[in-house]
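Data block below; observations after.
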Amino acid sequence: MNITSWLQYDFMRNALIAVLIITPLFGIMGTMIVNKKMAYFSDALGHSALTGIAVGVVCGMADTSLAMVIFAIVFALLLNKIGSLNTASTDTIISVFSSCSVAIGLAILSKGGNFSKYSSILVGDVLSITKTEIVYLIVIFVVTIVFWVLCFNKLNAICIHRSVAKSKGIHVRLLDNLFAVLVALIVMLSIKWIGILIINALLILPAASSRNISENMREYHFFSVIIFSIFRYSRPRSVILHQCGNRSDDSDYRIGNIFFDIYIWQKIEKITARAIRNRYKTADTQYKRKTV
0 MNITSWLQYD
10 FMRNALIAVL
20 IITPLFGIMG
30 TMIVNKKMAY
40 FSDALGHSAL
50 TGIAVGVVCG
60 MADTSLAMVI
70 FAIVFALLLN
80 KIGSLNTAST
90 DTIISVFSSC
100 SVAIGLAILS
110 KGGNFSKYSS
120 ILVGDVLSIT
130 KTEIVYLIVI
140 FVVTIVFWVL
150 CFNKLNAICI
160 HRSVAKSKGI
170 HVRLLDNLFA
180 VLVALIVMLS
190 IKWIGILIIN
200 ALLILPAASS
210 RNISENMREY
220 HFFSVIIFSI
230 FRYSRPRSVI
240 LHQCGNRSDD
250 SDYRIGNIFF
260 DIYIWQKIEK
270 ITARAIRNRY
280 KTADTQYKRK
290 TV
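Residue numbers (numbering that gives the first Met the number 0): 0 to 291.
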């Protein structure tokens, strides 16, 4: 069989385009999420998708995507607002909101035993993405790049020291809210074909790994995109199955992908650990030479 024969299918072309868009998008966004210590925040947003769907079902919407996006934006802004009040630790607030949103969503969607209709969102299906959703991804990708060009230095200053950033005239609260809304939009627009269970891992793990081996921001972003590409593209069994047009073995290749990702993550962890040891060894050697 021709290796490019799978491109004749529209759903395969759509999936390829979506992955090509989401790779740099997740790689870039993940770096700032890690810098701002928002790993639990993005995880809570992913789990709030269930409540967003539930709101759409209650309101009688045929397409629940709009309800998911609106709920995620409100959810993100509410988390930021309550977190800024300093009434409790941030992780406690996020945990409470995340647990409540999941419980409410499950309670509504499970009414009448109909949750099986929505269970696919837990693992996602990249082959189900439509051309309309690809257009949404392209729009949010362009918006993200523009936001990054205009606001990256300010966001980075906020990560380093919020008080100093305020003293420099940076609108800290506004940028925090804009970034939270942007993360909410990206998560909700991609969660149906990535899945609730894995979307936070794809946002956090590549950035967390690249941070250990990078010496500047350019390398930080570059390695994050590269590592994300490894997670998304290095799935031989699923590629073979989809190339052959066999979608009946969907659950089997998903389980295989999970174990393959764990294997890749262990390899990356060993490489980053070795890089950190070498960096500290080099720095220690240089320090000893200067002190002699």
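All C-beta atoms in this analysis are idealised placements derived from N, C-alpha and C, irrespective of residue type, glycine included.
Neighbour-count burial assignment, residue i, 16 or more Cβ in a 10 Å radius
i	result
N199	buried
M187	buried
C58	exposed
V84	The question names Val, yet the displayed sequence has Leu at residue 84. Classification for L84: exposed.
A66	buried
H46	buried
N13	buried
S100	buried
V134	exposed
G168	exposed
D9	exposed
I226	buried
I157	buried
A17	buried
A102	exposed
Neighbourhood of residue i by C-beta distance below 6 angstroms, restricted to the same chain and skipping five residues each side
i	result
T63	I52 and G55
A207	V33
I315	Nothing in the structure corresponds to residue 315, since the chain is present only between 0 and 291.
Neighbourhood of residue i by C-beta, 7 angstroms cutoff - its chain only, sequence neighbours within 5 removed
i	result
L121	G194, I195 and L196
G104	L49, T50, I52 and A53
D90	Y39
V171	I157, R161, A164 and K165
C-beta neighbour in chain B for residue i, strict 8 angstroms
i	result
C150	This model lacks chain B altogether; it includes just one protein chain.
Member of the options whose CA lies at the smallest distance from the CA of residue i
i	options	result
L202	L84, T89, K167 and N34	N34
L6	F151, K167, L126 and A207	L126
V180	F151, I139 and E214	I139
A183	M11, F74 and Y135	F74
I21	R172, S109, E132 and F70	E132
L136	S189, F178, A106 and L177	S189
G119	K191, F227, D90 and A156	The identity of residue 119 in the sequence shown is Ser, whereas the question assumes Gly. Measuring from the Cα of S119, the nearest candidate turns out to be K191.
P205	M31, K153, L76 and M11	M31
N175	K153, I69 and S166	Contrary to the premise, residue 175 reads as Asp rather than Asn in this sequence. Ranking K153, I69 and S166 by Cα distance to D175 puts K153 first.
N215	L177, V148, K110 and N155	N155
Residue i beta carbon near the ligand GTP (any heavy atom closer than 7 angstroms)
i	result
S83	This structure lacks the ligand GTP, and indeed carries no ligand of any kind.
Cβ shell of residue i (< 8 angstroms), same chain only, five flanking positions each side left out
i	result
E218	S209 and I212
S115	none
query: Are three or more beta carbon pairs between the stretch 82-97 and the stretch 35-54 nearer than 8 angstroms?
result: yes
- prompt: Any chance the stretch 10-30 sits against the stretch 134-153, with 3 or more Cβ pairs inside 8 angstroms?
  reply: yes
Stretch-stretch touch, CB-based, cutoff 8 angstroms, three pairs: the stretch 218-225 with the stretch 67-86: no
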